[in-house]
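Chains as they are written, first to last, in my numbering: chain A, 98 to 441; chain B, 98 to 441.
The C-beta atom is built at its ideal place from N, Cα and C for all residues, glycine as well.
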């Protein structure tokens with residue numbers, strides 16, 4: 098683990114209570130967090146609300162680059178969970194974090210980690226309720242985030258119907274191309290520095306679409322967060338809803354940097370669609386809700402774009418190229434063999 | 098990781114959905130788990146209930162022995178969390194699990210892991226709501242468990258008052274001595290095989306006192322689960338409550354195996370008090386509630402024993418030996434330097 102290593106192993110054993118008091122207790126402001134001095138936390142959802150829970154973890158060298166700075170590791174771990182909550186239409190409330198540290202951890206690294214959590218607490222409003230910090234074989238962070246929706250209003254993957262419009266937030270492919278750029282993949286050699294920096298930044302620190310949660314909750318028939326590649330995640334939504342999808346590849350929202358990369362090497366479009374790490378929201382909206390959804394999205398400040406339409410089942414989902422013919426994608430999504438798999 | 102290694106690296110890439118469907122979906126029976134095919138889970142606490150959340154993780158070679166079998170790893174990870182819920186008086190409802198796997202994982206190992214979860218779901222009633230399985234630098238399991246208490250009835254560490262009786266459940270020291278036995282520590286050389294086996298079993302698989310939760314909720318003024326050593330955990334309760342404690346070492350409940358070990362080498366008593374891995378409940382009960390607590394505990398089938406009394410603050414907690422003089426303990430609890438530390 099390079100991050101903790103930059104300060105060298107800490108030879109002075111830290112007092113457990115001092116460490117918690119200094120770095121984590123200031124983040125644990127809800128009454129039910131009990132200042133992190135109890136065995137558990139307590140939370141009372143408002144009457145008529147459902148609790149929404151999600152749990153995603155990230156490990157060094159798998160989900161983030163070796164040597165990533167501590168604050169960014171903390172924020173990425175929190176944000177991949179906030180992205181799940183947003184896709185379900187939930188308002189974030191809190192989180193618990195397990196930090197698994199290798200032997201060479203340092204107090205400075207933990208200070209940086211806590212500062213990352215602090216920054217994102219201020220940005221997204223989810224507060225620390227508890228956690229556990231352990232020694233582990235490698236740097237790993239596991240977050241459980243929770244939020245609320247009005248009872249029965251969680252947005253599932255399974256509600257899409259034929260005829261619904263398919264929307265995606267933000268831009269697609271930056272994260273996957275950013276990983277290529279960060280690892281000096283030759284396919285991006287001709288990209289200018291500014292574009293590369295943009296892509297790498299998108300890979301390192303996802304932007305969870307928390308602000309879009311209300312629009313999703315009020316208008317979408319189905320939704321998920323795009324974390325394993327748009328193509329594969331769209332397949333998951335289609336399977337859960339019993340539909341197929343027809344996507345116009347030319348309508349996919351690409352950042353200027355991604356668009357430049359794809360213009361230079363059209364094979365990179367496949368990477369954009371299957372590479373993962375987007376943390377955007379893919380959702381379906383009935384046509385008669387489309388203008389309401391777009392207005393609500395506009396109010397939220399999160400760009401959304403129609404990329405296709407849900408169709409009756411009976412054929413695989415297709416991505417249509419500019420010539421109207423289906424694109425061939427190398428693989429549909431990251432699998433556990435490549436990088437990770439998710440139980441949900 | 099020896100566990101997964103026994104089957105060798107799996108050369109046949111498993112289909113993600115097949116893996117989930119086969120091993121984990123059968124465990125995810127609550128409606129709000131959405132059969133593990135959504136981004137998040139939903140749960141509605143009953144009206145008037147508080148949700149209680151806890152998160153503890155375990156890593157190979159730190160919290161369990163290298164090569165531990167998969168089912169036991171799963172059960173230990175779940176049980177250390179159920180122990181926290183029980184100490185708060187909470188009824189377990191569900192859990193989410195992050196499984197971080199090293200490169201050499203196998204399907205057989207995952208099957209064993211799931212079978213361990215299945216066994217404990219049947220025993221304790223907490224059901225799988227979701228999770229995440231990732232590749233990581235070493236085997237690590239992070240569980241978030243949740244349960245409910247009637248609003249405002251969570252049992253904190255901070256409610257003890259001078260004069261309260263101090264109780265502990267089960268027996269103390271088996272886990273710590275079990276770790277010595279499992280690692281062939283010479284101090285246990287004279288112990289017979291049956292006693293060693295008992296201690297090792299107690300280390301490998303904690304027995305969370307879920308059945309005692311109701312008695313704790315209805316009668317205890319303060320409680321915590323004893324995971325880092327009775328002496329240090331008692332100090333935590335005392336600090337949180339602003340009291341001290343006088344413990345009669347002769348009243349500590351030891352298993353026959355632990356009692357035999359301590360008779361053979363009295364220094365092992367210090368290990369019993371500071372070694373951790375008990376996962377028993379330490380609680381304080383006002384004297385006028387003592388008979389009610391003992392009746393409720395008896396109904397639950399969990400043995401409890403008075404070991405001392407809470408006294409006004411002003412002196413450190415003391416463990417009194419048979420001669421009435423304070424014992425000297427080497428260290429008060431496992432710290433992060435030795436093994437682990439907990440944010441809560």
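Answer with buried or exposed for residue i, where buried requires no fewer than 16 other C-beta atoms within 10 angstroms of its C-beta.
{"i": "residue 388 of chain A", "result": "exposed"}
{"i": "residue 438 of chain A", "result": "Because residue 438 of chain A sits at a pLDDT of 33, beneath the cut-off of 50, its placement in the model cannot be relied upon, and the point is left open."}
{"i": "residue 421 of chain B", "result": "exposed"}
{"i": "residue 191 of chain A", "result": "buried"}
{"i": "residue 290 of chain B", "result": "exposed"}
{"i": "residue 165 of chain B", "result": "buried"}
{"i": "residue 249 of chain B", "result": "exposed"}
{"i": "residue 301 of chain B", "result": "buried"}
{"i": "residue 320 of chain A", "result": "buried"}
{"i": "residue 181 of chain A", "result": "buried"}
{"i": "residue 125 of chain A", "result": "buried"}
{"i": "residue 163 of chain A", "result": "exposed"}
{"i": "residue 233 of chain A", "result": "buried"}
{"i": "residue 410 of chain A", "result": "exposed"}
{"i": "residue 347 of chain A", "result": "exposed"}
{"i": "residue 219 of chain B", "result": "exposed"}
{"i": "residue 145 of chain A", "result": "exposed"}
{"i": "residue 152 of chain A", "result": "buried"}
{"i": "residue 361 of chain B", "result": "exposed"}
{"i": "residue 363 of chain A", "result": "exposed"}
{"i": "residue 278 of chain B", "result": "buried"}
{"i": "residue 115 of chain A", "result": "exposed"}
{"i": "residue 286 of chain B", "result": "exposed"}
{"i": "residue 186 of chain A", "result": "buried"}
{"i": "residue 392 of chain A", "result": "exposed"}
So what does residue i bridge to, in DSSP terms?
{"i": "residue 152 of chain A", "result": "A:241"}
{"i": "residue 313 of chain A", "result": "Residue 313 of chain A pairs with nothing; no bridge assigned."}
{"i": "residue 380 of chain B", "result": "B:264, B:320"}
{"i": "residue 442 of chain A", "result": "It is not possible to answer for residue 442 of chain A, since the shown part of chain A is limited to 98 through 441."}
{"i": "residue 417 of chain A", "result": "A:345, A:423"}
{"i": "residue 140 of chain B", "result": "A:148"}
{"i": "residue 132 of chain B", "result": "Beta-bridge pairing links residue 132 of chain B to no other residue."}
{"i": "residue 402 of chain B", "result": "B:265"}
Do you know whose CA, among the options, lies nearest residue i's CA?
{"i": "residue 228 of chain B", "options": "B:317, B:163, B:134", "result": "B:134"}
{"i": "residue 132 of chain A", "options": "B:254, B:204, B:169", "result": "B:254"}
{"i": "residue 199 of chain A", "options": "B:361, B:237, B:317, B:353", "result": "B:237"}
{"i": "residue 358 of chain B", "options": "B:267, B:114, B:333, B:271", "result": "B:271"}
{"i": "residue 339 of chain A", "options": "A:235, A:259, A:310", "result": "A:259"}
{"i": "residue 412 of chain B", "options": "B:336, B:117, B:361", "result": "B:336"}
{"i": "residue 341 of chain A", "options": "A:160, A:161, A:405, A:207", "result": "A:405"}
{"i": "residue 299 of chain A", "options": "A:284, A:158, A:352, A:397", "result": "A:352"}
{"i": "residue 384 of chain A", "options": "A:317, A:343, A:170, A:185", "result": "A:317"}
{"i": "residue 117 of chain A", "options": "A:311, A:365, A:322, A:194", "result": "A:194"}
{"i": "residue 150 of chain B", "options": "B:156, B:390, B:179, B:283", "result": "B:179"}
Please list the partners that residue i has in chain B, where partner means a Cβ-to-Cβ separation under 8 Å.
{"i": "residue 241 of chain A", "result": "150, 152, 193, 241"}
{"i": "residue 283 of chain A", "result": "The contacting residues do not exist; residue 283 of chain A stays about 25 Å from chain B at best."}
{"i": "residue 376 of chain A", "result": "The contacting residues do not exist; residue 376 of chain A stays about 11 Å from chain B at best."}
{"i": "residue 217 of chain A", "result": "Residues of chain B passing the Cβ test: none, with the nearest at roughly 17 Å."}
{"i": "residue 221 of chain A", "result": "What residue 221 of chain A touches in chain B: nothing, since even the nearest Cβ is about 16 Å away."}
Which residues of chain A have a Cβ atom closer than 8 Å to the Cβ of residue i, listed in chain order?
{"i": "residue 300 of chain B", "result": "What residue 300 of chain B touches in chain A: nothing, since even the nearest Cβ is about 17 Å away."}
{"i": "residue 236 of chain B", "result": "234"}
{"i": "residue 420 of chain B", "result": "None at all; the shortest Cβ gap to chain A is about 32 Å."}
{"i": "residue 321 of chain B", "result": "135, 136"}
{"i": "residue 337 of chain B", "result": "134, 135"}
{"i": "residue 310 of chain B", "result": "Simply none; closest approach about 12 Å."}
{"i": "residue 247 of chain B", "result": "By Cβ distance, chain A contributes nothing, its closest Cβ being about 11 Å from residue 247 of chain B, past 8 Å."}
{"i": "residue 388 of chain B", "result": "Those within 8 Å of residue 388 of chain B in chain A number zero; the least Cβ separation is about 26 Å."}
Show which residues of chain B have a CB atom less than 7 Å away from the CB atom of residue i.
{"i": "residue 182 of chain A", "result": "137"}
{"i": "residue 144 of chain A", "result": "144"}
Going along chain A in order, which residues have a C-beta closer than 7 Å to the C-beta of residue i?
{"i": "residue 185 of chain B", "result": "136, 137"}
{"i": "residue 197 of chain B", "result": "154, 156, 237"}
{"i": "residue 210 of chain B", "result": "Chain A residues near residue 210 of chain B: none, gap ~12 Å exceeds 7 Å."}
Can you list the residues of chain B that residue i reaches, using a CB-CB cut of under 9 Å?
{"i": "residue 414 of chain A", "result": "Residues of chain B passing the Cβ test: none, with the nearest at roughly 16 Å."}
Looking at residue i and the ligand GDP, is the gap between the Cβ and the nearest heavy atom below 6 Å?
{"i": "residue 320 of chain B", "result": "Here there are no bound small molecules, and the ligand GDP is not part of this structure."}
Open item on the list: At 3 residues or longer, what runs of the beta strand (DSSP E) sit wholly inside the stretch 160 to 243 of chain B?
Closed with: 188 to 198, 224 to 232
Task: Start-end ranges of the alpha helix (DSSP H) lying completely within the stretch 236 to 297 of chain B, minimum 4 residues - done: 271 to 279
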